[in-house]
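The opening position of the sequence shown corresponds to residue 2 in the numbering used here, with each subsequent residue numbered one higher.
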Amino acid sequence: MSKSDSYIARARSVLPGGVNSPVRAFKAVGGKPLVVADARGAYLIDVDGREFIDYVMSWGATILGHADQRVTDALKAAVERGTSYGMTSPGEIEIAELVCELMPSIEMIRFVSSGTEATMSAARVARAATGRKLILKFEGCYHGHADSFLVAAGSGVATLSLPDSPGVPTEVAELTLTCPYNDIDSVHEIFEKRGDQIAAVIVEPLVGNSGFIRPLPDFLPTLRTLTKEKGGLLIFDEVMTGFRVSLGGFQQTAGIVPDLTTLGKVIGGGMPVAAYGGRKELMEMVAPQGSVYQAGTLSGNPLTMAVGLAVLTALKDGEILAKLAKRTASLTDGLASAARNLGVPLTVDCEGAMWGLHFTSEPVRNFQDAKAGDAKLFSAFHRCALDRGVLLAPSPFEAAFVSEAHTDGVITDTIDKLADALEEAANS
Ligand SMILES: *Cc1c(COP(=O)(O)O)cnc(C)c1O
């Protein structure tokens with residue numbers, strides 16, 4: 002028995018499904034969980050010593066690469082000063098100032114420990130600010146696992162084909178309306194009927210949790226116009242896209258100013274950090290300045306803030322992201338041309354340091370289109386890639402991530418390996 006198999010067997014008896022987060026179980030691709038011992042730069046190394054070029058990168062969090070020197074130095078320095086204070090410390094203020102500078106729509110910010118907390122809290126602020134109950138979300142968008150958002154959710158929920166989760170009361174789920182992503186007509190329809198009851202529209206401005214899906218040019222502007230007209234708020238969930246597709250998030254790329262923004266992943270550089278922020282008068286409603294209660298024992302923890310600050314400081318002049326955008330585009334170009342040569346129907350796209358693929362030749366505009374992709378081919382491709390030492394997210398409904406440690410050499414190596422994997426998968 003390999004070390005991995007023995008750990009997996011032990012894990013299954015003490016952790017539900019052997020994991021602490023569902024997608025890690027590799028169920029969608031029929032594989033086995035990876036048991037990781039070490040991670041360096043662009044590589045993950047499992048307990049059996051197998052090496053993988055990593056395109057999961059802690060689901061997009063580790064944008065500078067694994068065990069990056071700037072991060073480990075900051076963390077080592079911070080840990081010598083204690084692991085948690087439960088009081089305010091300078092790092093929180095510095096990172097808050099930096100985020101407000103990089104994302105002008107954020108005038109005030111509150112740090113939390115997970116994206117789930119960030120979106121849940123942003124929805125609470127929106128409901129308090131508007132005195133309304135309804136939230137509109139889009140099918141296949143994932144906003145964490147709070148009750149309100151486990152309705153037509155993407156990512157792991159979609160991967161496991163779970164219906165809306167048991168344990169979420171119907172009365173709660175009924176307060177969440179859904180439309181297909183990019184479907185402007187159905188958004189108009191729902192706004193006509195219930196626009197004056199909608200507290201907020203929450204959206205992944207660029208989708209990563211149904212696989213990679215780009216908004217149509219009119220989609221986000223329509224959401225902005227309708228929410229303004231009807232007095233609801235627009236929440237951009239940039240937990241995945243923030244500081245990854247551009248420094249100012251996808252809102253900067255799209256030129257749309259949301260009322261509230263949620264952040265996570267890159268902002269903590271692999272530590273449990275997330276945040277929500279936005280217009281000052283909205284954030285002033287949060288306790289203790291206002292009466293919307295939200296708190297956290299470990300919020301703004303000094304270790305996590307030190308890492309987040311080190312990452313954002315490295316990113317802030319924009320050079321790294323510009324470099325990563327080029328490398329990501331050369332990766333997706335290489336993959337697209339390999340697929341063309343093999344006659345495999347593949348749609349592949351990228352923005353900044355985020356990319357994704359769908360096994361279909363049709364345009365993918367929403368979750369329905371994403372589900373029409375060839376899931377069998379994806380599983381075969383995933384397995385063949387893994388055999389060649391390339392780790393992609395183990396689900397067709399996830400995006401992929403490039404870090405600064407993915408050098409031009411690593412990218413070229415990846416293209417070769419993925420082209421081989423594609424050929425074997427297509428012929429299997
Ligand atoms: C990952 C993600 C979340 C949830 O963040 P967690 O830290 O896993 O709770 C929310 N929204 C989006 C867009 C995400 O990608």
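The C-beta atom is built at its ideal place from N, Cα and C for all residues, glycine as well.
Less than 6 Å between the CB of residue i and some heavy atom of ligand 1, yes or no?
i	result
Ser-115	yes
Asp-375	no
Gly-250	no
Asp-238	yes
Gly-31	no
Gly-141	no
His-359	no
Glu-352	no
Glu-205	yes
Met-2	no
His-189	no
Gly-265	yes
Gly-145	yes
Met-241	yes
If you draw a straight line from the alpha carbon of residue i to that of residue j, how long is it in whole angstroms?
i	j	result
Ser-429	Glu-405	34 Å
Leu-45	Ala-401	15 Å
Ser-14	Met-2	17 Å
Val-287	Lys-377	47 Å
Met-109	Ser-59	27 Å
Gly-335	Asp-414	11 Å
Gly-31	Ala-127	40 Å
Gly-410	Asp-49	25 Å
Gly-66	Gly-270	9 Å
Leu-304	Ala-129	32 Å
Phe-368	Glu-399	12 Å
Leu-1	Ala-153	With the chain covering only 2 through 429, there is no way to say anything about residue 1.
Ile-416	Ile-199	46 Å
Leu-16	Arg-133	39 Å
Asp-69	Ser-22	24 Å
Glu-175	Ser-166	13 Å
Leu-264	Ala-78	25 Å
Ala-201	Arg-125	10 Å
Pro-170	Ile-136	16 Å
Pro-1	Asp-186	Nothing about residue 1 can be reported from this structure: the residues present for the chain run from 2 to 429 only.
Val-403	Ile-64	7 Å
Thr-242	Ser-115	15 Å
Arg-82	Gly-19	35 Å
Val-365	Lys-231	30 Å
Pro-216	Phe-251	10 Å
Val-391	Thr-89	42 Å
Ile-203	Ile-321	29 Å
Ile-268	Lys-229	29 Å
Ile-107	Arg-280	6 Å
Leu-310	Ala-296	21 Å
Arg-227	Pro-218	Residue 227 is actually Leu in this sequence, not Arg. Distance between the alpha carbons of Leu-227 and Pro-218 is about 15 Å.
Ala-255	Thr-262	14 Å
Asn-302	Ala-97	13 Å
Gly-353	Asp-6	37 Å
Gly-233	Glu-52	49 Å
Leu-224	Asp-421	42 Å
Leu-347	Ala-10	36 Å
Phe-213	Ala-43	21 Å
Assuming residue i contacts residue j (C-beta within less than 8 Å), just tell me the rounded distance between them.
i	j	result
Arg-111	Met-284	7 Å
Leu-325	Phe-244	About 11 Å separates the two Cβ atoms, so there is no contact after all.
Asp-260	Leu-235	5 Å
Asp-350	Thr-333	7 Å
Met-104	Gly-249	5 Å
Ser-211	Ala-371	5 Å
Met-272	Gly-92	That pair is no contact at about 12 Å.
Lys-266	Ala-62	4 Å
Tyr-8	Val-36	4 Å
Val-308	Leu-76	6 Å
Determine whether the Cβ of residue i lies closer than 7 Å to any Cβ atom of chain D.
i	result
Ala-381	Among the chains in the structure shown there is no chain D, since it carries only a single protein chain.
Can you list the alpha helix (DSSP H) stretches of 4 or more residues lying completely in the region 289-341, in chain order? Secondary structure remark: continuous alpha helix (DSSP H) runs of at least 4 residues inside the region 289-341, in chain order: 303-316.
Please confirm if the region 263-280 is in contact with the region 113-129, defined as three or more CB-CB distances below 8 Å between the two stretches. The region 263-280 vs the region 113-129: in contact.
Uninterrupted beta strand (DSSP E) stretches inside the region 185-272 (no shorter than 3 residues): Along the length of the region 185-272, whole beta strand (DSSP E) runs at least 3 residues long occupy 199-204, 234-238, 261-264, reported in chain order.
For the region 335-349 against the region 193-204, are there 3 or more C-beta pairs whose distance is under 8 Å? Taking a contact to require three or more Cβ pairs closer than 8 Å, the region 335-349 and the region 193-204 do not qualify as touching.
As an exercise, report each continuous alpha helix (DSSP H) stretch of at least 4 residues that is fully enclosed by the region 27-98, in chain order. Complete alpha helix (DSSP H) runs here, min 4: 58-61, 70-80.
Check whether the region 175-185 and the region 130-143 are in contact - that is, three or more C-beta pairs closer than 8 Å. The region 175-185 is in contact with the region 130-143.
Between the region 384-395 and the region 21-31, do at least 3 Cβ pairs fall closer than 8 Å? Output reads yes: the region 21-31 touches the region 384-395.
Mind pulling the beta strand (DSSP E) runs of 3 or more residues that sit fully within the region 97-176? Entirely contained in the region 97-176, the beta strand (DSSP E) runs reaching 3 residues are, in chain order, 109-113, 135-139.
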